[in-house]
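Take a look at the structure below.
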Amino acid sequence: MRYEAEFAKLNEYQRAAVEDDSNACLVNANVGSGKTTVLITKVMYLHYKKQIPYENMVVLTFTNKAADEIRERLIKLEETVTEEQLRWFGTFHGVCLSLLKKVLPVESLGYTKDFLVMTPEEEVLMAEQLILEHQLKIKYKNRLKKRLEQAMAIVDEEKKISKYQDDIFLLTDLMRGEKKKQNKMTYQDLLDNAGFLLARRKKGESQAEDIFSPDWIIIDEVQDCDGRQLELLSYMKEENTSLFAVGDPNQVIYSWRGSALNVFYTLKSKYQARELSLPINYRSSGSILEAARFFLQNGSRLEGVKDSGSKIVVKNHYNPFQEADYLASKIKELHEQGVPYREIAIFYRLQGQSGIFEDVFTREEIPFEVSLKKSIQDIPVLNWFLRVLRYAANREDITSGVLALCDREYGVMAKEKDALRLCRAYARKDRANVSEKQGPENSKQQMPKDESENVSEKTEQSPKSLYLEEAEPKLLIQMLHFSEACEQGLKIEQLMEYFELKQYLAPTSATFSEDVDAVERLLSLISDYLIEEGQPLCEGIRLFLNHAALYGMSIFENKIDTKQDSVKLMTLHASKGLEFSHVFITGINYGLIPLQSKGMDAEEEERRLFFVGITRAKDYLELSYYTSPQQYRAMPGPSRFLSMIPGKLVTDESKQSGTVMDTSARLQEIKRQILASRTEMQYLFPEEETQGGHRKETEVSNTKEGETLGQVAQRVSHAKYGIGVIIGEDDDNVTVKFEDYGEKEFLKLFSELEYLE
DNA sequence: CTTGGCGTGATTTTT
DNA sequence: TCACGCCAAG
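Quick note on my numbering: the first sequence kicks off at 1 and runs consecutively.
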């Protein structure tokens with residue numbers, strides 16, 4: 001039997017977790033301890049041994065990647081398992097979406113079953129339109145996203161007082177109404193609304209009981225749960241629902257995004273959960289694990305099974321460019337020794353640090369992939385075309401309608417205000433038609449009173465004139481008539497012609513063929529989706545849009561593919577959950593790793609982040625710091641994190657990598673290369689453009705043999721004050737005595753001091 | 001409609 | 001520190 005075979009592969013700790021039958025169980029799963037395997041075997045245990053149907057299990061993850069992995073592995077183990085049986089397996093958001101679509105009475109909140117999921121960008125755009133329409137006074141519009149997020153979180157009427165004395169809370173109220181009117185939910189709304197309706201059901205205020213009553217709730221990466229998710233959990237879990245949650249408190253690196261601080265403690269006390277742990281790490285070599293132990297927080301156990309392996313290598317590089325150059329040859333060397341590119345990864349603290357590696361690797365012809373957040377939004381045609389589709393599929397979606405019409409490049413109307421009025425008029429007309437059919441009683445009476453309707457009614461001069469279709473843009477008519485056209489049998493293949501897209505894509509523009517190609521690829525993606533789901537066009541597009549909002553569209557978004565044989569470049573954050581045989585962590589300077597942080601909490605998180613980074617390595621780990629970190633707000637020399645690793649685990653190659661003369665000669669060579677390619681110059685030595693390129697030269701010749709950091713008074717250079725010497729230093733400040741200017745105190749965080757060796 | 005004096009935040013990012 | 005937005009003064 002499948003389950004027995006899987007179970008036999010486990011160690012004693014994993015077995016204990018799988019066969020634990022307590023009502024609530026928390027598994028403290030250390031890095032690389034086979035967390036996902038335990039989770040999947042647990043599901044199989046419940047299914048085969050406890051005869052619990054998959055349909056009665058809710059399995060919650062944070063990322064689609066994790067959810068896919070779980071589903072795929074289950075289906076692979078037993079082919080008869082269907083996606084339908086696994087309907088409650090998914091991300092928190094995905095499961096909430098399914099609940100709202102299939103089980104919960106969204107109508108009671110003022111939504112219909114075909115509601116759509118809004119992307120965060122759409123949310124901001126909707127807010128901007130409301131500001132325009134209602135002439136709201138909102139300060140710091142450039143930070144609107146953040147401000148909205150904060151203001152939306154406040155529900156207490158008394159606390160709704162704007163810090164900047166503007167209309168932000170008027171806006172949040174309008175947003176709430178507008179989202180219902182447009183039949184759209186944000187990511188947050190998915191959780192909130194599902195939670196609200198589950199809570200109401202739990203209190204017995206509503207029916208529809210039997211369809212959703214899970215026997216088990218299983219949570220992956222539980223340490224990343226935020227308050228809302230814990231709340232949702234409490235509404236899902238009934239007396240006889242069991243809870244099994246797996247996570248690692250040492251890998252909390254997203255608390256700045258709101259994950260609840262001590263989820264383990266909270267859950268343990270709330271549900272009297274039994275606590276188990278998985279201490280055995282199968283991934284990393286002995287010395288890597290030994291180093292990692294110094295970054296554990298709460299005395300958790302971490303045991304390895306591999307040999308101690310090679311020592312951790314610490315390197316010092318003069319600057320990022322020199323490092324990129326070194327890494328290129330190091331990677332070539334490894335590759336010649338038979339290490340596949342895909343087993344090599346370079347981690348850094350900030351996104352901006354990847355550029356230099358990209359350039360050098362491109363020139364050295366080393367295949368690589370960078371993990372960057374690229375979305376469909378970065379392709380302007382598709383951004384526009386998706387708005388067209390959104391409005392066509394949902395005429396209430398005025399936000400998308402207006403943006404489709406007023407797009408700078410592909411739109412047909414100039415004034416957002418006019419388009420807004422036009423779309424509103426049609427939405428109102430639609431609603432009037434609906435209530436005529438259903439009788440006025442039935443129309444959305446329960447909706448919270450929103451003033452938007454009244455306001456626009458007043459400003460409306462002659463609404464009747466707006467119904468004259470001939471006077472209106474063709475694109476608008478095409479979008480408005482889309483659902484009728486679908487009913488009359490419009491096919492996806494005809495969409496290009498239906499919308500006369502080639503006309504809007506401006507045949508004269510330079511990007512024309514590229515644009516047409518992108519749209520065609522999107523349409524074929526939708527077409528595949530429609531076939532797979534067996535859905536008709538209009539309904540299918542709605543499903544596709546929701547799917548795309550939650551899953552993204554991988555073919556347009558350059559996500560890292562671990563199967564591709566290429567070197568992976570990513571931030572430490574992005575490295576979570578991955579593993580490589582060779583890992584290089586770069587820029588371990590004070591101010592960068594750990595990043596200059598405010599409080600103790602942030603500092604702890606930086607430590608966990610570094611822990612996550614080093615524990616990605618299976619066999620070989622190399623850590624490096626810069627002498628001249630230049631562009632990043634960082635100090636020269638190694639950070640505290642490096643000295644936390646005991647010397648016996650480390651081969652310190654920082655002093656061995658050539659003599660000072662070698663370095664100097666090397667820099668001359670590098671400099672020649674730089675002068676040969678202007679692009680590099682721009683970000684590596686931006687100041688050289690104005691200063692004639694002599695400064696670097698002086699700096700290099702200033703390097704004296706045998707002089708190490710800290711022993712001799714540190715000389716520094718400042719763009720404004722010239723050359724000086726550090727005369728005082730504490731945790732936050734540096735005092736510098738300049739030759740010409742005198743004494744000046746700087747904040748370490750911000751001073752753009754150039755440290756001379 | 002420009003100018004300067006303040007205040008504020010700066011990084012990591014899934015859904 | 002530096003960039004940027006806000007706002008009041010000109």
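Every residue gets a Cβ at the ideal spot worked out from N, C-alpha and C, and that includes glycine. All values reported here derive from a predicted model rather than from experimental measurement.
Check: Three CB pairs or more closer than 8 Å across the segment 186-199 and the segment 215-234; Outcome: yes
Check: Whether residue 475 touches residue 504 by CB criterion (8 Å); Outcome: yes
Check: Cβ-based burial, residue 799 [other Cβ within 10 Å; buried from 16]; Outcome: This structure gives no information on residue 799, because the portion of the chain shown stretches from 1 to 757.
Check: Between the CA atoms of residue 127 and residue 572 - distance to the nearest angstrom; Outcome: 33 Å
Check: Complete alpha helix (DSSP H) runs within the segment 537-624 (minimum length 4 residues, chain order); Outcome: 537-551 and 600-614
Check: Cβ shell of residue 760 (< 7 Å), same chain only, five flanking positions each side left out; Outcome: The first residue shown for the chain is 1 and the last is 757, placing residue 760 beyond what the model contains.
Check: Per-residue DSSP class, three states only, for residue 225; Outcome: coil
Check: Residue 228 versus residue 149 - alpha carbon distance; Outcome: 14 Å
Check: Whether residue 282 touches residue 32 by CB criterion (8 Å); Outcome: yes
Check: Which listed residue (631, 186 and 618) has its alpha carbon closest to that of residue 339; Outcome: 618
Check: Classification of residue 401 by the beta-carbon crowding that lies within 10 angstroms, buried from 16 upward; Outcome: buried
Check: Cβ pair residue 349, residue 593 closer than 8 Å; Outcome: yes
Check: Alpha carbon of residue 354 to alpha carbon of residue 569, nearest angstrom; Outcome: 7 Å
Check: Collapsed DSSP secondary structure at residue 193 in the structure displayed; Outcome: helix
Check: Backbone secondary structure at residue 216 - three-state DSSP; Outcome: strand
Check: Cα-Cα separation between residue 648 and residue 620, rounded to whole angstroms; Outcome: 16 Å
Check: Cβ-Cβ distance between residue 29 and residue 278 below 8 Å; Outcome: yes
Check: Euclidean distance between Cα positions of residue 184 and residue 481; Outcome: 21 Å
Check: Exposure of residue 323, with buried meaning 16 or more beta-carbon neighbours within 10 Å; Outcome: buried
Check: Whole-Å CB distance - residue 314 paired with residue 642, under 8 Å assumed; Outcome: 6 Å
Check: Exposure label - residue 4; buried when at least 16 CB within 10 Å; Outcome: exposed
Check: Residue 602 versus residue 297: straight-line alpha-carbon distance, rounded; Outcome: 14 Å
Check: Spatial distance of residue 528 from residue 244 (CA atoms); Outcome: 36 Å
Check: Which listed residue (609, 415, 537 and 381) has its alpha carbon closest to that of residue 758; Outcome: Any property of residue 758 remains undetermined from this structure, which presents the chain solely from 1 to 757.
Check: Inter-residue Cα distance where the pair is residue 453 and residue 423; Outcome: Because the pLDDT at residue 453 is just 42, under 50, the model does not fix this residue reliably, and the value given afterwards should be weighed accordingly. Whole-angstrom Cα-Cα distance: 13 Å.
Check: Identity of the residue in 328, 259 and 357 nearest residue 605 by Cα; Outcome: 259
Check: Which listed residue (352, 523 and 485) has its alpha carbon closest to that of residue 493; Outcome: 523
Check: Residue 16 versus residue 294 - alpha carbon distance; Outcome: 28 Å
Check: Meets three-Cβ-pair contact criterion under 8 Å: the segment 482-501 and the segment 536-550; Outcome: yes
Check: Straight-line Cα distance separating residue 737 from residue 66; Outcome: 55 Å
Check: Check whether residue 59 and residue 218 have beta carbons under 8 Å apart; Outcome: yes
Check: The segment 179-194 in contact with the segment 94-114 per 3-pair CB rule at 8 Å; Outcome: yes
Check: Pairwise C-alpha distance: residue 636 and residue 399; Outcome: 49 Å
Check: Continuous alpha helix (DSSP H) stretch holding residue 151: start and end; Outcome: 144-153
Check: Meets three-Cβ-pair contact criterion under 8 Å: the segment 622-631 and the segment 580-587; Outcome: yes
Check: Cβ neighbours of residue 553 in the same chain (closer than 7 Å, five flanking residues each side left out); Outcome: 376 and 525
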